[in-house]
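Q:
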Amino acid sequence: MASPNKLVDHLPRDFRKVALGAILVRMAMYWCLPGLVEVLQQRIEWVTPLTSYKRLTEGLFLYRSGIDPYDGNQYFQPALYLPLFQTLAWFPTVVTFAFFVLLDVLVAWQLYQLALTKFGRRDSSSFAEDQNLKVTPAAVAACYLWNPLTILSTLSQATSLVNTLAVVCALRHGLQGQRSYAMVWLAVATYISFYPVMLLVPLVFMSSGNQPLQLGNLVPCLKVFALTMVTLLSASYLLTLSPQLLSSTYGVIFTVTDLTPNLGVFWYFFIEMFDHFRAFFLIAFQLHTFIFAVPISIRFRHQPLFASILLLGIITLFKSYPSVSDMVLYLALLPLYHEIFKYMRYSFLLVNAMIYALVLAPLFWHLWIYQGSGNANFFYAATLVYAAFQIFLIIDLTQSQLRRDLERDCPAVRSKILMQE
Amino acid sequence: MRFLCPLSITLLGWGLAESSSFPSTSLESDRFTEKLLINPLTTDKVLAHFDFTITSRWHTPEGQEPHHYRLFPRLIGQIIEKFGIREFHLSIGQGRWDYDSWGYPVEPSTSPSLELWTRLETGDDMEDRWQGFTNALSGLFCASLNFVDNTTTSSPLLSFRSPSQLQKLLQDKAEHPTTPEATSPTPSELRHTFLAREGVCTENLTPWIKLLPCQAKSGLTTLLNTYRLFDSSYHSMSIHVHRTCLGESCSKEVWRMRQTLTTVTDRLRLPRQSPALLDTLFDRSLKNTCPLADQSTISVLVPTEGNTFTLQSKPSSWSKAIPIPERKVALFDLKSLVTPNQSFDIDITWPNTWDAHGLSRSSIPLVMHRYVTGQGLERNGLEVHLENRHTQDIPVVYLDTLPWYLNVYFHTLRLEAQPLSAAQQPQVLARANTTTVEPTEMYLQPSHDHGRPAVMEIRFTIPAQSLVTLSVDFDKMFLKYTEHPPDANRGLNVGSAILTAALVSPSTVTPCDYQGLLHPEEQLWRHVRTTTESATVPEVCLTRLYSELFLVSLPTPDFSMPYNVIAFTCTVLAFFFGSMFNSLSRGYVVLSREDVQNTTESPGTAGNTSQKNGDTPVSKSDQKKSQ
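So the sequences go chain by chain: A and B.
Here the first sequence stands for residues 1 to 421, where the numbers follow the UniProt record's numbering.
Here the second sequence stands for residues 1 to 627, where the numbers follow the UniProt record's numbering.
1) Kindly indicate which three-state DSSP category Q390(A) falls into: helix, strand or coil?
2) Using only the alpha-carbon positions, how far apart do F85(A) and S155(B) sit?
3) Note down, in chain order, all residues in the segment 413–446 of chain B with a beta-carbon under 7 Å from any beta-carbon belonging to chain A.
4) Shorter than 8 Å from the beta carbon of S124(A) to some beta carbon of chain B?
5) Which one of G264(A), A235(A), C169(A) has the shortest CA to CA distance from Y380(A)?
6) Could you pull out every residue in the same chain whose Cβ sits closer than 8 Å to the Cβ of M229(A), ignoring the five residues on either side in sequence?
7) Short check: CB of G542(B) to CB of A502(B), under 8 Å?
8) Using a Cβ cut-off of 9 Å, pull out every chain A residue sitting near Y409(B), in sequence order please.
9) Quick one: does F205(A) have its CB under 8 Å from some CB of chain B?
10) Would E107(B) and S236(B) be called neighbours here (beta carbons separated by less than 8 Å)?
11) Anything in the segment 360–379 of chain B with a Cβ closer than 9 Å to a Cβ of chain A? List those residues in chain order, please.
12) What residue range is occupied by the uninterrupted alpha helix (DSSP H) comprising G93(B)?
13) So is G177(A) buried or exposed if we call it buried at 16+ other beta carbons inside 10 Å?
14) Can you tell me whether R258(B) is buried or exposed, with buried defined as 16 or more other CB within 10 angstroms of its CB?
15) Just checking my contact of N135(B) with L301(B) at CB under 8 Å: how many whole Å lie between their CB atoms?
16) Which residue's Cα is closest to the Cα of residue 630(B): R490(B), L549(B), T53(B), E548(B)?
17) Please list, in chain order, all residues of the same chain as residue 427(A) whose beta carbon is under 7 Å from its beta carbon, the five residues on each side excluded.
18) Could you check if H276(A) is buried or exposed, using at least 16 other CB atoms within 10 Å of its CB as the buried criterion?
19) At the level of alpha carbons, what is the spacing between H366(A) and T51(A)?
20) Nearest to A276(B) by CA position, among Y514(B), Q131(B), F344(B), E438(B), is which residue?
21) Helix, strand or coil for R197(B)? Go by DSSP, reduced to three states.
22) Give me whichever residues DSSP pairs with F52(B) in a beta bridge.
23) Suppose contacts are defined by Cβ-Cβ distances below 8 Å. Is L116(A) in contact with L171(A) by that definition?
24) Looking at chain A, which residues of the segment 476–506 of chain B have a Cβ within less than 8 Å of any of its Cβ atoms?
25) Check the DSSP bridge columns for M442(B) and list the partner residues they point to.
26) Helix, strand or coil: how does DSSP classify E38(A) here?
27) Are at least three pairs of beta-carbons, each pair with one atom in the segment 260–274 of chain B and one in the segment 71–84 of chain B, less than 8 Å apart?
28) Step through the CB atoms of chain A and report whether any lies within less than 8 Å of the CB of V565(B).
29) Short of 7 Å in beta carbon distance, which residues of its chain neighbour D44(B), apart from the five on each side in sequence? Order them along the chain.
30) Ends of the beta strand (DSSP E) at C541(B)?
31) Quick one: which residues of the segment 129–163 of chain B get their C-beta closer than 9 Å to a C-beta of chain A? List them in chain order.
32) Using beta carbons (cut-off 8 Å, strictly below), is V265(A) in contact with chain B?
33) So, does the segment 392–410 of chain B touch the segment 455–463 of chain B, judging by three or more C-beta pairs under 8 Å?
34) Within the continuous beta strand (DSSP E) that includes P303(B), where are the two ends?
35) Chain A beta carbons: is any one of them nearer than 8 Å to that of M580(B)?
36) In the DSSP assignment, what are the bridge partners of E339(A)?
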């Protein structure tokens, strides 16, 4: 077992610099701006009922008091968080925060590895002139760690960070061809928030070296995935012995019983929905999310990592309880595909729409909830802008990748304007 | 929880009446007493409390005797038999009981809403029976009790235990098992509910009066003038039905039904000021008594302070049995005083300058106030101030039931005490004196979405001369637009918090004193006030205090928006689906010049060519190069 010092020495120098600065900034903000931390912990843009640290604390309190945490209206998070955070709760609160910072650095490290693997590959999809674009793995890690949204997300102590780490680990191991690890991490991510199950097919493609999908590849993957899921769920059950384990976690994700506003499209729709259509639209909305897993995996079967990024975007857009923390994850993965940025047509519009939505949402929220001079429609409008921004981003990314595919196939058409048929 | 019958100790004001020593004849037949208690509380406020009690043995535990209703109303008898009710207490009130200047009420329940608590015999169909029972009462009293469902019902573990158990509980430091009481022969379970939005009206009073043997035809009920009753500062009507037993060894079990009506009237606001007390208060006078009543009395509590009140009518007797602080009790036995064809009234001279603005604050040992903290529609909190002005520690049980749409964070529950002297000081100094109070026992029940309410029941001791602040955070939930009440922006009422306390030798009038006055023949409480100095056993009065209601305004959606929201959101979804489908199902191909010309000329495929979102048409030079 290597000592911590040795471990740090093993880290590349550029990553060390990026990470150390990020840790210092986070800790400094935690110490100097306790008010900000408190506000962020309850901002609906950053935390949802499924990732709220305050609700986790409540769950822990109930668990410690001998009350089933799922037998209530507060705790919808995975059962295995309970022993994890209970251990952390033995120490001063700063240790819990340090844990979140550590998770952040681990995510960045996985991104670094991911970038190293991807940039290291010189496959058919890379062009000679791409070498001119100097994006180093450390820059990818920095794009994540130094993104102001990430910093705020860490300060909010949203437990979705664990989910982010699991997803990134799954992608990294997938890309490196370590099938079992990838599946285990995917199962962890699925266990936490369920939606990452959509990444199953791209990960199978990825980890089997872009071979065509065969039963021989799929079955062992599914075996590992299912085994991990069963282990995690049974461990959760043994831990809580709660009959409401599934209904209070996945039940809430699917049926959207907690209508606390967030940046997604579900909350206002289901507040305003007529009772007799509720079930129909719930099924329609959830299917609409999951259905994209298949066509995107097929269309981008040769770039499963890109398919994963698109799917993560769709999850962020259409999951029942999205937050900025989810967006941070797929924004962090985009620098891996920096080569398609030049094909994007709406970059200016996108950046503006994002800033617009992220500024207006808290403003309109304040007008509605505190000021009383606005109503729910104001905040709803901001979430629509946010949704529109993400839609444009996802569509634009897809189009750019398709355009690049064409240029790879027909080098003669590079930098020409084309029609789609 | 079980019903407790055979113990001879009892605590008053408690609804549970136990062993009594009736004349032996009363064992054979029903017994009815009507009583009125009048107590001037402050210069202007007068308390009038009616108490009608029927004791009946229409039902024996063995069930051997045929049912025979004499005075006990058959309506009630059938309901409690059908639904297996061992005990129920219903009270409907309006107005706030001002503990700070009026002291304690005669009946503990002062909730300005509807409160019902019941012990149901344990069985399989308890939920159905509870529903059936509330619906039956709803029909009987014209109240909205049919709205009682699992979202408003709770089963507190400590607060509503039998008095003897509570007494033990409150004076004990140890935790108590939550198992049902083991002494009762048939186990029963408690159901408690508040309907915080219930308004009281004559339509509730009329069926209430109809249950009385003499209805409103004769006796004290003729004083019930609805114009005056509902024009008061506070009024509350209640009905208590429970079993009790007679005889030394509790050999005979009887049913007792107590109907009470309390009003606090603003005397100075009344149109007519005359020495005739009943005429002033009720605008009626008494012409007869109920012939079915075994006892018919009026007790007037005359303030002794300064001897400024003078009672001109001569009372039948001055009661000495129960010494009441600052009051002497004049008893009027109506059976002997009221003669036919002559209206009876009590003449009293009100002092012009009675400077009593209520009781002195320090004499009221325990006061509770509840506030909502925070601003905005998102996150709020509760803060409860429990003020112990007594020189002794007071053990209490705090019970609060919060509806499911308030998401309570139990981990934020804080119990902090500071000396009363420090509470007056500036915040900074007061904070330095704050200590945490350790609860002895705590039962927390998290709420269910659209289901049971959140319940917290905390047993702790309030140190002498100190202010205990209980605080807890809650989030307001977002309801579907169909779940809001029609006047959504008014907010939703939340029922009172209940504080159960054992007051040790209080220096003010307690419910126990009042009850002792109303039912002196029953040895209903162990803590009879003794005038002798040699009393070693401290007098304890168990009572319940009710806090104010509060109103939560929940964040509302725009109620006119359903169609718009459905249209907008579905447009966003459809837009994404369309664009994605477009991108995924079609690809870029390189066209030759001829192909381009063909497609632009043919009208049928024109739509396809213009699909390239906003791109300029393919230039010919491009096409040449691409070839």
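Just so it is clear, CB atoms sit at the ideal spot from N, CA and C, and this is done for glycine as well.
Being a predicted model, the structure only gives us computed values, none of them experimental.
A: Result, derived from the coordinates:
1) On the first sequence, position 390 is the one that residue 390(A) refers to. Here Q390(A) sits in helix by DSSP.
2) The residue labelled residue 85(A) in the question sits at position 85 within the first sequence. The residue labelled residue 155(B) in the question sits at position 155 within the second sequence. Each residue's alpha carbon lies about 32 Å from the other.
3) L444, P446
4) Translated into positions along the first sequence, residue 124(A) becomes position 124. Its pLDDT being 48, under 50, S124(A) is placed unreliably by the model, and the measurement read from it follows with that caveat. So, not an interface residue.
5) Counting from 1 along the first sequence, the entry for residue 380(A) is found at position 380. With distances taken between Cα atoms, Y380(A) lies closest to G264(A).
6) On the first sequence, residue 229(A) is found 229 positions in, with the first residue counted as 1. Around M229(A): A187, T190, Y191.
7) Taking the first residue of the second sequence as 1, we reach residue 542(B) at position 542. Taking the first residue of the second sequence as 1, we reach residue 502(B) at position 502. Position check: residue 542(B) holds Leu in this sequence, whereas Gly was assumed. Result yes, Cβ atoms of L542(B) and A502(B) sit closer than 8 Å.
8) Sequence index remark: in the second sequence, residue 409(B) carries index 409 (1-based). What Y409(B) touches in chain A: K54, R55, T57, E58, F61, Q74.
9) As a working mapping, residue 205(A) is identified with position 205 in the first sequence. Not closer than 8 Å to any Cβ of chain B, the Cβ of F205(A) fails to qualify, so no.
10) Stepping through the second sequence from its first residue, residue 107(B) is reached at position 107. Stepping through the second sequence from its first residue, residue 236(B) is reached at position 236. In contact: E107(B) and S236(B) (Cβ atoms closer than 8 Å).
11) Q375, G376, L377, E378, R379
12) Counting from one through the second sequence, the residue named residue 93(B) turns up at place 93. It is not in any alpha helix (DSSP H) - G93(B) instead sits in the beta strand (DSSP E) that spans 85–94.
13) Indexing the first sequence from 1 puts residue 177(A) at position 177. Exposed is the call here.
14) Counting from one through the second sequence, the residue named residue 258(B) turns up at place 258. With 16 or more other Cβ atoms within 10 Å, it is buried.
15) On the second sequence, position 135 is the one that residue 135(B) refers to. On the second sequence, position 301 is the one that residue 301(B) refers to. That belief does not hold up - the Cβ atoms of N135(B) and L301(B) are roughly 40 Å apart, past 8 Å.
16) The first residue shown for chain B is 1 and the last is 627, placing residue 630(B) beyond what the model contains.
17) Residue 427(A) is absent from the structure shown; chain A starts at 1 and stops at 421.
18) On the first sequence, residue 276(A) is found 276 positions in, with the first residue counted as 1. That one is exposed.
19) Stepping through the first sequence from its first residue, residue 366(A) is reached at position 366. Stepping through the first sequence from its first residue, residue 51(A) is reached at position 51. Taking the straight line from one Cα to the other gives about 22 Å.
20) Here the question's residue 276(B) lines up with position 276 in the second sequence. Per the Cα distances, F344(B).
21) For the purposes of this step, residue 197(B) is taken as residue 197 along the second sequence, with counting starting at 1. Note: R197(B) maps to coil in three-state DSSP.
22) Here residue 52(B) corresponds to residue number 52 of the second sequence, with the count starting at 1. DSSP lists E34(B), Q259(B) as partners of F52(B).
23) Stepping through the first sequence from its first residue, residue 116(A) is reached at position 116. Stepping through the first sequence from its first residue, residue 171(A) is reached at position 171. No, the pair does not count as a contact, with Cβ atoms beyond the cut-off.
24) M477, F478, L479, K480, Y481, T482
25) For the purposes of this step, residue 442(B) is identified with residue 442 of the second sequence, where counting begins at 1. Answer is I458(B), bridged to M442(B).
26) Counting from 1 along the first sequence, the entry for residue 38(A) is found at position 38. Helix, per DSSP.
27) no
28) Residue 565(B) sits at position 565 when you count from the first residue of the second sequence. Chain A, which has a Cβ nearer than 8 Å to the Cβ of V565(B), makes this yes.
29) The count along the second sequence starts at 1 and reaches residue 44(B) at position 44. Excluding residues within five positions, the ones whose Cβ falls inside 7 Å are D266, R267, L268.
30) Start at 1 with the first residue of the second sequence, and residue 541(B) comes out as number 541. Looking at the DSSP string, the run of the beta strand (DSSP E) that includes C541(B) is 540–546.
31) none
32) The sequence position of residue 265(A) within the first sequence is 265, counting from 1. Chain B, which has a Cβ nearer than 8 Å to the Cβ of V265(A), makes this yes.
33) yes
34) Stepping through the second sequence from its first residue, residue 303(B) is reached at position 303. 295–303 is the extent of the beta strand (DSSP E) around P303(B).
35) For the purposes of this step, residue 580(B) is identified with residue 580 of the second sequence, where counting begins at 1. Closer than 8 Å: yes.
36) Against the first sequence, residue 339(A) aligns to sequence position 339. Note: E339(A) sits in no beta bridge, so no partner.
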